[in-house]
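Enquirer:
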Amino acid sequence: MSEPIVWLTIFVLSVFVGIEVIAKVSSTLHTPLMSGANAIHGVILLGAIIVTGTSDHWFAVTIGLLAVVLAAINMVGGFVVTDRMLQMFSVKRPAARPASRPDEGAGER
Amino acid sequence: MTPTWVQLAYLACAVCFILALKGLAGPRTARSGNLLGAAAAVVACVIPFLYLELDHVPLILVAIAVGTAIGAVGARRVQMTQMPQMVALFNGVGGGAAALVALLELEHMVGVTDTLGVDPYNWFVYAATAFTIVVGAVSFAGSAVTFAKLQDLMSSRPVVFRGLPVAFAAALLAAVVWSVLTVTSAALWIGVVLAVLGLAIGVLLVLPVGGADVPIVISLLNAFTGLTVAAGGYVLGNTVLLVAGTLVGAAGTFLTLLMARAMGRSVANILFGALKGGSTLGAGEASDRPVRSAGPEDVAILLGYAAKVIIVPGYGLAVAQAQHTLRELVEVLGARGTAVDYAIHPVAGRMPGHMNVLLAEAQVPYEQLKEMDDINGEFKQTDVVLVVGANDVVNPAAKTTPAAPIYGMPILDADEARQIVFLKRSMRPGFAGIENELLFDPKTTLLFGDAKDSLGKLLAAVKAL
Numbered sequence: 002m003s004e005p006i007v008w009l010t011i012f013v014l015s016v017f018v019g020i021e022v023i024a025k026v027s028s029t030l031h032t033p034l035m036s037g038a039n040a041i042h043g044v045i046l047l048g049a050i051i052v053t054g055t056s057d058h059w060f061a062v063t064i065g066l067l068a069v070v071l072a073a074i075n076m077v078g079g080f081v082v083t084d085r086m087l088q089m090f091s092v093k094r095p096a097a098r099p100a101s102r103p104d105e106g107a108g109e110r
Numbered sequence: 073m074t075p076t077w078v079q080l081a082y083l084a085c086a087v088c089f090i091l092a093l094k095g096l097a098g099p100r101t102a103r104s105g106n107l108l109g110a111a112a113a114v115v116a117c118v119i120p121f122l123y124l125e126l127d128h129v130p131l132i133l134v135a136i137a138v139g140t141a142i143g144a145v146g147a148r149r150v151q152m153t154q155m156p157q158m159v160a161l162f163n164g165v166g167g168g169a170a171a172l173v174a175l176l177e178l179e180h181m182v183g184v185t186d187t188l189g190v191d192p193y194n195w196f197v198y199a200a201t202a203f204t205i206v207v208g209a210v211s212f213a214g215s216a217v218t219f220a221k222l223q224d225l226m227s228s229r230p231v232v233f234r235g236l237p238v239a240f241a242a243a244l245l246a247a248v249v250w251s252v253l254t255v256t257s258a259a260l261w262i263g264v265v266l267a268v269l270g271l272a273i274g275v276l277l278v279l280p281v282g283g284a285d286v287p288i289v290i291s292l293l294n295a296f297t298g299l300t301v302a303a304g305g306y307v308l309g310n311t312v313l314l315v316a317g318t319l320v321g322a323a324g325t326f327l328t329l330l331m332a333r334a335m336g337r338s339v340a341n342i343l344f345g346a347l348k349g350g351s352t353l354g355a356g357e358a359s360d361r362p363v364r365s366a367g368p369e370d371v372a373i374l375l376g377y378a379a380k381v382i383i384v385p386g387y388g389l390a391v392a393q394a395q396h397t398l399r400e401l402v403e404v405l406g407a408r409g410t411a412v413d414y415a416i417h418p419v420a421g422r423m424p425g426h427m428n429v430l431l432a433e434a435q436v437p438y439e440q441l442k443e444m445d446d447i448n449g450e451f452k453q454t455d456v457v458l459v460v461g462a463n464d465v466v467n468p469a470a471k472t473t474p475a476a477p478i479y480g481m482p483i484l485d486a487d488e489a490r491q492i493v494f495l496k497r498s499m500r501p502g503f504a505g506i507e508n509e510l511l512f513d514p515k516t517t518l519l520f521g522d523a524k525d526s527l528g529k530l531l532a533a534v535k536a537l
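If you read the sequences in order, they're chains A and B.
Using our numbering, read the first sequence as starting at 2 and increasing by one per residue.
Using our numbering, read the second sequence as starting at 73 and increasing by one per residue.
(1) For L245 (chain B), count neighbouring Cβ atoms within 10 angstroms of its own Cβ and tell me buried if that reaches 16, exposed if not.
(2) Alpha helix (DSSP H) containing E179 (chain B): first to last residue?
(3) Please state the DSSP three-state secondary structure of S291 (chain B).
(4) On a Cα-Cα basis, can you pick out the residue from B:S211, B:V138, B:L276, B:V182 that is closest to F344 (chain B)?
(5) Count the other C-beta atoms from every protein chain shown that fall within 10 angstroms of the C-beta of F233 (chain B), then say buried if there are 16 or more, exposed otherwise.
(6) Strictly below 8 Å CB to CB, what residues from chain A border F89 (chain B)?
(7) Does chain A have any CB closer than 9 Å to the CB of R103 (chain B)?
(8) With a cut-off of 9 Å, does the C-beta of G283 (chain B) fall near any C-beta of chain A?
(9) List, from N- to C-terminal side, the alpha helix (DSSP H) runs of 4 residues or more that fit wholly inside the stretch 459–525 of chain B.
(10) Confirm, please, whether the CB-CB distance from A247 (chain B) to V289 (chain B) is below 9 Å.
(11) Per DSSP, what kind of secondary structure is K442 (chain B) in: helix, strand or coil?
(12) For the alpha helix (DSSP H) that contains D370 (chain B), what are its first and last residues?
(13) Run the proximity test for A322 (chain B): is its beta-carbon closer than 8 Å to any non-hydrogen atom belonging to the ligand COA?
(14) In angstroms with no decimal places, state the Cα-to-Cα distance between D464 (chain B) and M481 (chain B).
(15) By the three-class DSSP mapping on this structure, what secondary structure does A415 (chain B) have?
(16) So, for V312 (chain B): in the same chain, excluding its five sequence neighbours on each side, which residues have a beta-carbon less than 6 Å away from its beta-carbon?
(17) Terminal residues of the continuous alpha helix (DSSP H) containing K380 (chain B)?
(18) DSSP has V69 (chain A) in a bridge; who is on the other side?
(19) Within its chain, find whatever has a CB closer than 7 Å to the CB of V16 (chain A); leave out the 5 residues flanking it on each side and keep chain order.
(20) So which of B:R229, B:L236, B:L266 has the shortest CA-CA distance to G282 (chain B)?
(21) Residue range of the alpha helix (DSSP H) that G282 (chain B) falls in?
(22) For a cutoff of 9 Å on Cβ pairs, would you count S291 (chain B) as touching chain A?
(23) I'd like the list of long-range same chain contacts for V69 (chain A), defined as Cβ closer than 8 Å, with 5 residues on each side in sequence excluded.
(24) Name the DSSP beta bridge partners of V78 (chain B), please?
(25) How should V419 (chain B) be labelled, buried or exposed, when 16 other C-beta atoms within 10 angstroms of its C-beta is the threshold for buried?
(26) In or out: E4 (chain A) buried (at least 16 other Cβ within 10 Å) or exposed?
(27) Determine the contact status of V456 (chain B) and R500 (chain B), defining contact as a CB-CB distance below 9 Å.
(28) Going by Cα to Cα distance, which pick from B:H417, B:V114, B:E177 is closest to H58 (chain A)?
(29) Would you identify the three-state DSSP class for V268 (chain B), choosing helix, strand or coil?
(30) State the CB to CB distance for the pair S36 (chain A) and M86 (chain A), rounded to an integer number of angstroms; the pair is presumed to be in contact (CB under 8 Å).
(31) Using a C-beta cutoff of 9 Å, does I51 (chain A) count as contacting chain B?
(32) At a Cβ threshold of 9 Å, is V371 (chain B) touching chain A?
(33) From T410 (chain B) to V404 (chain B), what does the alpha carbon distance come to, in whole angstroms?
(34) Who are the neighbours of A318 (chain B) on chain A, taking C-beta pairs under 9 Å?
(35) Along chain B, in chain order, which residues have C-beta atoms closer than 7 Å to that of I6 (chain A)?
(36) By DSSP's criteria, V456 (chain B) is part of a beta bridge. Which residues make up the other side?
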């Protein structure tokens with residue numbers, strides 16, 4: 002484990018990025034945004050793969066595999082479900098997409 | 073030591089996650105943002121196979137395949153109306169996975185000493201591990217309860233019993249004490265006890281939360297899972313987990329505050345409001361007070377000769393799959409010269425923005441959908457407001473009754489219109505579990521029945537005018 006201060010720095014900066022990045026989001030997109038953020042934390046799959054691959058006791062491996070399954074459900078399901086929701090906003094009617102609205106109308110709630 | 077190229081690859085993935093989240097915050101870029109996030113996640117998960125000598129690779133690949141199949145099939149099959157509980161479910165399993173990863177990592181750490189016989193981990197690593205286990209378990213159990221509430225497996229009303237606040241505080245205190253124990257003497261069984269305490273906290277946290285507030289709690293638990301993933305990243309020494317988890321934790325917390333503000337509530341009030349007891353519990357029973365109901369023909373006359381009609385769609389509409397019939401009715405009214413708009417409350421449906429998704433699925437033209445702030449001034453000049461399967465979003469109690477659980481939530485001013493028509497299945501209260509005074513207003517007419525059925529009859533009657 003390297004310098005805790007380095008990690009703390011990355012953490013604090015990421016907090017600001019996280020807030021800054023979604024600072025002005027329209028309520029229309031709250032549900033897909035929540036779902037998309039949900040899918041991103043599914044990257045815990047990476048951690049699950051590593052701990053499982055470095056365990057040797059059968060019990061630990063079993064727990065690890067369970068973690069892999071759960072994390073994969075979170076990640077894959079999250080991205081697919083978000084994409085399905087976002088598809089709703091763009092099918093067949095390019096002119097009627099929320100994107101065609103000026104910002105003041107769509108936002109602020 | 074992690075090779076440099078791996079660290080750089082992780083950095084690239086972390087940047088992609090930031091861009092993905094940024095993309096998701098705007099309608100034009102949302103879809104590509106989501107795809108970018110998915111691509112980065114896949115790349116990040118392939119990397120360990122390339123540089124680490126992992127054991128059990130075939131088993132891991134099978135587990136990934138199983139999880140992928142469950143996730144993809146679940147996500148494809150789910151109805152748009154059930155989206156909120158699906159998001160809760162995915163979030164919960166993510167939190168569970170993070171807790172399990174931390175448990176295993178704790179097990180790896182036990183008894184490890186460096187060449188001088190000293191424990192190489194500092195107390196902060198143990199603290200982060202304990203945090204991941206507890207909060208991951210909270211997220212898992214809490215999400216399971218929100219899922220049960222939204223899926224009608226249990227009552228969506230606040231569940232409060234005597235001693236719940238004490239039990240909650242005790243579990244929280246025990247978890248803190250136990251975490252300190254983990255820091256001083258790591259052992260797997262201590263981690264397991266921590267996980268159990270986390271599960272208890274999760275259940276006790278969500279039980280007292282009532283119907284309409286559940287989505288906000290899902291968002292909060294989503295942020296929790298993000299933070300556990302971040303802490304897990306610290307424990308594993310993995311930057312991409314740290315950045316991705318922190319991003320989701322921060323963005324999720326902020327989103328929770330935004331959603332709470334859209335409902336005019338504080339997060340503390342949402343979580344602990346019901347514990348104060350009394351009136352916030354709401355009514356679960358149907359009222360027997362007199363109301364004015366009418367048949368489809370009477371309502372058709374009201375609508376057919378109105379100059380201006382506003383439609384307030386709600387979750388009941390979506391559940392009945394009546395969007396298409398409604399759209400047809402609006403077209404017929406439009407052809408008769410009636411001006412018709414849809415008024416969309418920010419929290420109509422089960423989550424903020426949920427109704428937009430549902431109506432977009434039914435191909436309702438986007439230009440006809442008006443947001444609350446844009447349309448609220450128009451109700452005074454409106455002849456008829458047609459409320460289809462909505463209740464709480466037009467409930468004047470939000471303005472007039474300080475004791476109501478929805479008090480302070482901005483609502484659609486349907487009560488200002490000349491006539492109000494409710495299409496309802498029964499007199500049962502809405503999602504928030506409170507009676508709507510507007511139903512008993514002399515200006516209000518009720519048309520009982522399934523939304524699809526009622527709208528079909530209404531459509532036929534308007535055509536026959």
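We treat Cβ as the ideally placed atom computed from N, Cα and C, and that holds for glycine.
As the structure is a prediction and not an experimental result, all values here were calculated from the model.
Expert: On the basis of the data shown:
(1) exposed
(2) 155–181
(3) helix
(4) B:L276
(5) exposed
(6) I41, V44
(7) yes
(8) no
(9) 469–472
(10) no
(11) strand
(12) 368–376
(13) The ligand content of the structure shown is nil, which means the ligand COA is not present either.
(14) 10 Å
(15) strand
(16) Y82, C85, A86, A116
(17) Counting along the chain, K380 (chain B) falls outside any alpha helix (DSSP H), though it belongs to the beta strand (DSSP E) covering 380–385.
(18) In the DSSP output, where bridge partners are listed per residue, V69 (chain A) has none listed.
(19) none
(20) B:R229
(21) Unbroken run through G282 (chain B): none, as it is neither H nor E.
(22) yes
(23) L46, A49, I50, T53
(24) DSSP, once it has assigned bridges, lists no residue as partnering V78 (chain B).
(25) buried
(26) exposed
(27) no
(28) B:E177
(29) helix
(30) 6 Å
(31) yes
(32) no
(33) 9 Å
(34) The residue you asked about is not Ala; residue 318 (chain B) is Thr in the sequence shown. Here the neighbours are I11, F12, V13, L14, S15, V16, V18, G19.
(35) What I6 (chain A) touches in chain B: nothing, since even the nearest Cβ is about 11 Å away.
(36) B:V381, B:Q491
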